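Colleague:
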Amino acid sequence: MTHPSRVWICVGANAFVTGFSIGRLVVTSKPAPPPSPVAKNSTAATGSDNATGQEIFGQSGQSPKSADETASRDDVYSQIKDVLEANGTARLYDSFGEFSHLINQNNVHDVLVFAGKIQQKEQREALTLLVLARWAEFDPKSALASAQETSNTQSRVWALGSALSSWAQRDSRSAAAWAQQMPAGPVRDQTLHVVLSSLAEKDPKAALSVLQSFPAEKNRQHFYWPIFSKWATSDPLTAAVQAEHLPARASREIAFQAIGSTWGKQDPEAALAWSNNLQSDQERTHAQESIFSTWATKNPESASRAVDLLPAGPVRDQAISNIARQWAGNDVQAALEWTQGLPAGDARENAMRNVLTSWIGNDPAGAGSFVSSMAPGKSRDNAIGFLAVQLARNDVQSAIAWAQKLPEGPARRGALQNITAQWSETDPQSAAEFAWRSDNGDDRNQLLDNICRQWARTDAQAALHWAESLGESGARSSLLPGIISVISEDDPRQAASLLTRLPPGQAQANAAGGIVWNWAAGDPQSASKWTAALPEGANRERACQNLISRWAQYDLAGAGSWLETLPEGKSRDAGVTSLVQKLIASDPETALEWAQTIGSQSSRNTELESIAAAWLKSNPDDAARWIAQSSLPGDAKARLLPQ
Numbered sequence: 002m003t004h005p006s007r008v009w010i011c012v013g014a015n016a017f018v019t020g021f022s023i024g025r026l027v028v029t030s031k032p033a034p035p036p037s038p039v040a041k042n043s044t045a046a047t048g049s050d051n052a053t054g055q056e057i058f059g060q061s062g063q064s065p066k067s068a069d070e071t072a073s074r075d076d077v078y079s080q081i082k083d084v085l086e087a088n089g090t091a092r093l094y095d096s097f098g099e100f101s102h103l104i105n106q107n108n109v110h111d112v113l114v115f116a117g118k119i120q121q122k123e124q125r126e127a128l129t130l131l132v133l134a135r136w137a138e139f140d141p142k143s144a145l146a147s148a149q150e151t152s153n154t155q156s157r158v159w160a161l162g163s164a165l166s167s168w169a170q171r172d173s174r175s176a177a178a179w180a181q182q183m184p185a186g187p188v189r190d191q192t193l194h195v196v197l198s199s200l201a202e203k204d205p206k207a208a209l210s211v212l213q214s215f216p217a218e219k220n221r222q223h224f225y226w227p228i229f230s231k232w233a234t235s236d237p238l239t240a241a242v243q244a245e246h247l248p249a250r251a252s253r254e255i256a257f258q259a260i261g262s263t264w265g266k267q268d269p270e271a272a273l274a275w276s277n278n279l280q281s282d283q284e285r286t287h288a289q290e291s292i293f294s295t296w297a298t299k300n301p302e303s304a305s306r307a308v309d310l311l312p313a314g315p316v317r318d319q320a321i322s323n324i325a326r327q328w329a330g331n332d333v334q335a336a337l338e339w340t341q342g343l344p345a346g347d348a349r350e351n352a353m354r355n356v357l358t359s360w361i362g363n364d365p366a367g368a369g370s371f372v373s374s375m376a377p378g379k380s381r382d383n384a385i386g387f388l389a390v391q392l393a394r395n396d397v398q399s400a401i402a403w404a405q406k407l408p409e410g411p412a413r414r415g416a417l418q419n420i421t422a423q424w425s426e427t428d429p430q431s432a433a434e435f436a437w438r439s440d441n442g443d444d445r446n447q448l449l450d451n452i453c454r455q456w457a458r459t460d461a462q463a464a465l466h467w468a469e470s471l472g473e474s475g476a477r478s479s480l481l482p483g484i485i486s487v488i489s490e491d492d493p494r495q496a497a498s499l500l501t502r503l504p505p506g507q508a509q510a511n512a513a514g515g516i517v518w519n520w521a522a523g524d525p526q527s528a529s530k531w532t533a534a535l536p537e538g539a540n541r542e543r544a545c546q547n548l549i550s551r552w553a554q555y556d557l558a559g560a561g562s563w564l565e566t567l568p569e570g571k572s573r574d575a576g577v578t579s580l581v582q583k584l585i586a587s588d589p590e591t592a593l594e595w596a597q598t599i600g601s602q603s604s605r606n607t608e609l610e611s612i613a614a615a616w617l618k619s620n621p622d623d624a625a626r627w628i629a630q631s632s633l634p635g636d637a638k639a640r641l642l643p644q
C-alpha cells in the first residue's frame, strides 16, 4: 500500500496525537490481492474491544468464510492489536503497510467496526483514517460514502481527506471532481485542499492544472498555497515562473507567499534575491514577509544581518518583529543586544515587546530588573507598561511589588493601572481595596475609578455596594458617577434612578451627563424627555450638552428640532453650543444662525468668533463680509480681520 501523504494523516490526527513529524509517508507493502466479491448479508460487527479476531471479523449471520480468509482476518486483527499495545499510534503509521494488503472488499467494513471500538481516541481515529485510505485504493466511492456518514464535522473532514488523498494518488482528476461536486462550504474547501496538497507532492504541475480546471470562485486563491508550497520544495525557480503567469493578483500573492515561505527555509538568501525582482510592490512585500518569517525561525542571527539591508517600511518592521521573537526563544541576551542596537521607532518597540514576552516566560525577575534599569524615556515607559501587563497575568502580587519599587512618575502610574486592570478581571474587590489603601491622592482616585468601572461591567450591584460603603463622602462622589455611567450602557432608566444617591453638585451633574450620553445612542427620544423633565440647573445643563453632542453625531436635524422646543436658559445654551461645535466644519452659516440664539452675550460672542475664524479658512471672502456687518465687538473684529 502506498499511503496518501502523511501530511494529511498527521493533520487529521494532530488533534489527538502529538510529536509526529510532517513529511511524506511511503510504506512498502505486499501486493494487494484482487478484491473478492462482497459477501451477501454482510452486517456490521458488534462485540467488545477484547474480542478475538474471529469474533470481530466473522459474525454469525454473514456468509461462511474460508479458513484462509478467516486466518488472514485474524492476522489483521492481531497485528493491529500487537502494534497498538507495543508502540501506540506512532508505530501504527509505520507498520500499517505491512498488513494493509489483508484488508479487502470482504472485510473492510469489519475492520472499520473494529477501529471504532478501540477505547483510546487517538488510536481509534488514526486507524479509521488509515483503513479509509486503504479502502479508497480499491473502492474510493464506497470509502467516501462511509466517510460522509461521520457525524462530527472535523472528523468528517479528516475522513474525507484521507480517502480522497488515497484516491488522488491514483486518479487525481476523478478525486478532485468528486470533491468539487460537494456542497459549497468549509468541509468542501478543506477536502479540496487536501486533495490538491496530496497531488502536489507527486506532481505540482498536475495539481495546478486540476485547480485551474475548477469553475471560477471568489475565494479559490487559497488553494494555491499547498500547490506552490510543495512545488517550491523541489523546484522553487519553476514554481516562481508558474506563479508569475497566474492571471489573478490575489492568486499570485498567495503563490508568492507560499514559495517565499518554503524557499526561505531552504535557501533564504536565494529566495530574497528572487523576491527583489518581483514587479509588484504588494506582491514583493508579501513574499518577503513570508521569507523573513521562516528565515527568522531557522537562523535569526543571519536574518538580522539581512534585514539591515532592507529599506524602511512594513517588510522591514515585520521582519524585525519576527526575528526578535524567534531569537529570544533561543537566546534572550543575544536578541536583547540586537534589539537595543536598532534605531528608535515603532519597529524597535515591537521587537522589545517580543523579547520581553519570551524573557518573562523564563525569567520574570530578570526581565523586571532589566526594564527597571533602562534609561528614562519613551522606550522605558513603553517597556514598563508592557511588562506590567505580562507580569500581572502570571502573578498579580509579584507584579504589584515590582511596580511599587518604580520611581514616582507617569511610568509607575501606568504600570499600576495596567496591573490593577488585569487584577480586576479576576478579583475586582481585592484590586479596589488595594487601590483604596494606597496614599497617592489623585493616583489613587484614578485607579479606583478605572477598577470600579471595570467591576461594574461584570457585577454592577457589587461595585455600587462597595463604593457606597466607603467612609469618605468625597471618594463615594468620585466613584459613583463612573459606575452609574457603566450601568447606563445597558439600562439607562435604572442608572437615572440612581442619580439621587449622589449629593447635588458636580458629581451628580457628571453622572447625569454620562447617563444621557449612553441613553441618546439608542433612544434619543426617551433621553430627551428625561432631560427636559430635569429642573434648570447643573444636571440639566450637562444632560443637554451631552444629549445634543451624541444625538447630532447621527441626526443633526432631530437634535436641532428638539432644541427649538426648549425655553431660553443655561441648559438650552449648553445644548446650542454642542450643536454649533458639530456644525462649524460642515456648515458655518447654519452654525452662526444657531449661535446667535444663545442667551448669554459673552457665550454668544465666544461662539460667533470661533465660527467666524473657522469660516475664514474655508471661505475668506464671505466670512469677512459677515464679520464686518456682524454685531461682534470691535476688538473681536480686529482680531479676526487685522489691518
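In the working numbering, the protein residues as written are 2 to 644.
No residue lacks a Cβ here, since even glycine has one placed at the ideal position from N, Cα and C.
None of the values given here were measured: they were computed from a predicted structure.
Grouping DSSP H, G and I as helix and E and B as strand, with all else coil, what is V39?
Modeller: Sequence index remark: in the sequence shown, residue 39 carries index 38 (1-based). Any reading at V39 is ruled out, since the residue's pLDDT is 32, under 50, leaving its predicted position unreliable.
Colleague: Give a yes or no on whether the C-beta atoms belonging to P237 and A201 are separated by under 8 Å.
Modeller: The residue labelled residue 237 in the question sits at position 236 within the sequence shown. The residue labelled residue 201 in the question sits at position 200 within the sequence shown. Going by C-beta atoms, P237 is not nearer than 8 Å to A201.
Colleague: To the nearest angstrom, how far is it from the Cα of E426 to the Cα of A553?
Modeller: In the sequence shown, residue 426 corresponds to position 425, counting from 1. In the sequence shown, residue 553 corresponds to position 552, counting from 1. Their backbone Cα atoms lie some 35 Å apart in a straight line.
Colleague: Would you give the residue range spanned by the alpha helix (DSSP H) that L407 belongs to?
Modeller: Sequence index remark: in the sequence shown, residue 407 carries index 406 (1-based). Unbroken run through L407: none, as it is neither H nor E.
Colleague: Compute the beta-carbon to beta-carbon distance between L209 and Q243, rounded to the nearest angstrom, for a pair I have assumed lies under 8 Å.
Modeller: The residue given as residue 209 occupies position 208 in the sequence shown. The residue given as residue 243 occupies position 242 in the sequence shown. Yes, they are in contact, since the Cβ atoms of L209 and Q243 sit about 7 Å apart, within 8 Å.
Colleague: Tell me, to the nearest whole angstrom, how far the beta carbon of A416 is from that of G378; I am working on the premise that it is less than 8 Å.
Modeller: The residue labelled residue 416 in the question sits at position 415 within the sequence shown. The residue labelled residue 378 in the question sits at position 377 within the sequence shown. The Cβ separation is near 15 Å, so there is no contact.
Colleague: Please name the residue, chosen from Q507, Y555 and S79, that lies closest to A544 on a Cα-to-Cα basis.
Modeller: Numbered from 1 along the sequence shown, position 543 holds the residue referred to as residue 544. The residue with the shortest Cα to Cα distance from A544 is Q507.
Colleague: Would you kindly report the start and end of the unbroken alpha helix (DSSP H) that includes I599?
Modeller: In the sequence shown, the residue the question calls residue 599 occupies position 598. That residue, I599, is in no alpha helix (DSSP H); it is neither H nor E in DSSP.
Colleague: Measure the alpha-carbon distance for T578 versus Q319 and round it to whole angstroms.
Modeller: Here residue 578 refers to the residue found at position 577 of the sequence shown. Here residue 319 refers to the residue found at position 318 of the sequence shown. Cα to Cα, T578 sits roughly 46 Å from Q319.
Colleague: Where in the segment 209 to 252 do unbroken runs of the alpha helix (DSSP H), each at least 4 residues long, occur, reported from the N-terminal end onward?
Modeller: Segments of the alpha helix (DSSP H) lying fully in the segment 209 to 252: 225 to 235 and 237 to 245.
Colleague: For a test of the three-state rule: what should DSSP assign to K118, helix, strand or coil?
Modeller: Here residue 118 refers to the residue found at position 117 when the sequence shown is read from its first residue. Here K118 sits in coil by DSSP.
Colleague: Could you tell me the distance, in whole angstroms, from the CA atom of W403 to the CA atom of G369?
Modeller: Translated into the one-based positions of the sequence shown, residue 403 becomes position 402. Translated into the one-based positions of the sequence shown, residue 369 becomes position 368. Between W403 and G369, the C-alpha separation is close to 7 Å.
Colleague: Identify which residue in D268, N278, S281 and S611 has its Cα closest to the Cα of F293.
Modeller: As a position in the sequence shown, residue 293 is number 292, starting the count at 1. Out of D268, N278, S281 and S611, D268 has the C-alpha closest to the C-alpha of F293.
Colleague: Looking only at C-alpha atoms, which of R250, A251 and Y225 sits nearest to A240?
Modeller: Against the sequence shown, residue 240 aligns to sequence position 239. The candidate whose alpha carbon is nearest that of A240 is Y225.
Colleague: For A144, would you say it is in contact with chain C, using Cβ-to-Cβ distances shorter than 8 Å as the test?
Modeller: Absence of chain C from the displayed structure is noted, only one protein chain being present.
Colleague: Is the Cβ-Cβ distance between A575 and I585 less than 8 Å?
Modeller: Counting from one through the sequence shown, the residue named residue 575 turns up at place 574. Counting from one through the sequence shown, the residue named residue 585 turns up at place 584. Contact: no.
Colleague: Measuring alpha carbon to alpha carbon, tell me which residue in V581, A533, L548 and L580 is nearest T566.
Modeller: By 1-based counting over the sequence shown, the position of residue 566 is 565. Checking every option, the nearest Cα to that of T566 belongs to A533.
Colleague: Between which two residues does the alpha helix (DSSP H) containing L311 stretch?
Modeller: Sequence index remark: in the sequence shown, residue 311 carries index 310 (1-based). First-last for L311: undefined, no H or E at that position.
Colleague: Residues in its own chain within less than 8 Å of L633 by CB, not counting five upstream and five downstream?
Modeller: Reading the sequence shown from its first residue, position 632 is the one you call residue 633. Result list for L633: N606, L609, E610, A613 and L641, in chain order.
Colleague: Between the alpha carbons of G162 and S143, how many angstroms are there, rounded?
Modeller: Taking the sequence shown and counting its residues from 1, the one referred to as residue 162 is at position 161. Taking the sequence shown and counting its residues from 1, the one referred to as residue 143 is at position 142. Spanning the two alpha carbons is a distance of roughly 14 Å.
Colleague: By how many angstroms is the C-alpha of N277 removed from the C-alpha of T286?
Modeller: Position 285 of the sequence shown, counted from the first residue, corresponds to residue 286. Position 276 of the sequence shown, counted from the first residue, corresponds to residue 277. Those two C-alpha atoms are separated by around 9 Å.
Colleague: Taking 8 Å as the cut-off, decide whether the C-beta atoms of C453 and I484 are in contact.
Modeller: Along the sequence shown, read from residue 1 onward, the residue named residue 453 stands at position 452. Along the sequence shown, read from residue 1 onward, the residue named residue 484 stands at position 483. The answer is yes: Cβ separation under 8 Å.
Colleague: Classify A348: buried if its beta carbon has 16 or more other beta carbons within 10 angstroms, exposed otherwise.
Modeller: By one-based count along the sequence shown, residue 348 stands at place 347. Classification for A348: buried.
Colleague: If you count every other CB in all the chains shown that lies within 10 Å of the CB of D111, and 16 or more means buried, which is it?
Modeller: The residue labelled residue 111 in the question sits at position 110 within the sequence shown. It is buried - the Cβ of D111 has at least 16 other Cβ atoms within 10 Å.
Colleague: Spatial neighbours of S380 within its chain, please: C-beta separation below 8 Å, excluding the five flanking residues on both sides.
Modeller: For the purposes of this step, residue 380 is taken as the residue at position 379 of the sequence shown. If we look at S380 and ignore the five residues flanking it on each side, its Cβ neighbours are A345, R349, E350 and M353.
Colleague: Just the C-alpha distance for P408 and V316, rounded to the nearest angstrom, thanks.
Modeller: In the sequence shown, the residue the question calls residue 408 occupies position 407. In the sequence shown, the residue the question calls residue 316 occupies position 315. Rounded to the nearest angstrom, the two C-alpha atoms are 37 Å apart.
Colleague: Pull up the distance between the alpha-carbon of F21 and that of L93, whole angstroms please.
Modeller: Here residue 21 is taken as the residue at index 20 of the sequence shown, counted from 1. Here residue 93 is taken as the residue at index 92 of the sequence shown, counted from 1. Any answer about F21 is weak, because its pLDDT of 26 lies below 50 and its placement is not dependable; what the coordinates show is given next. Rounded to the nearest angstrom, the two C-alpha atoms are 12 Å apart.
Colleague: Among P482, L145 and P205, which residue has its Cα nearest to the Cα of W179?
Modeller: Numbered from its first residue, the sequence shown carries residue 179 at position 178. Taking only the C-alpha atoms, the option nearest W179 is L145.
Colleague: Taking only the alpha-carbon atoms, compute the straight-line gap between K41 and L165 and give it to the nearest angstrom.
Modeller: Locating residue 41 in the sequence shown gives position 40, where the first residue counts as 1. Locating residue 165 in the sequence shown gives position 164, where the first residue counts as 1. Residue confidence for K41 is low, a pLDDT of 30 falling below 50, so the modelled location carries little weight; the figure read from the coordinates is stated next. Rounded to the nearest angstrom, the two C-alpha atoms are 27 Å apart.
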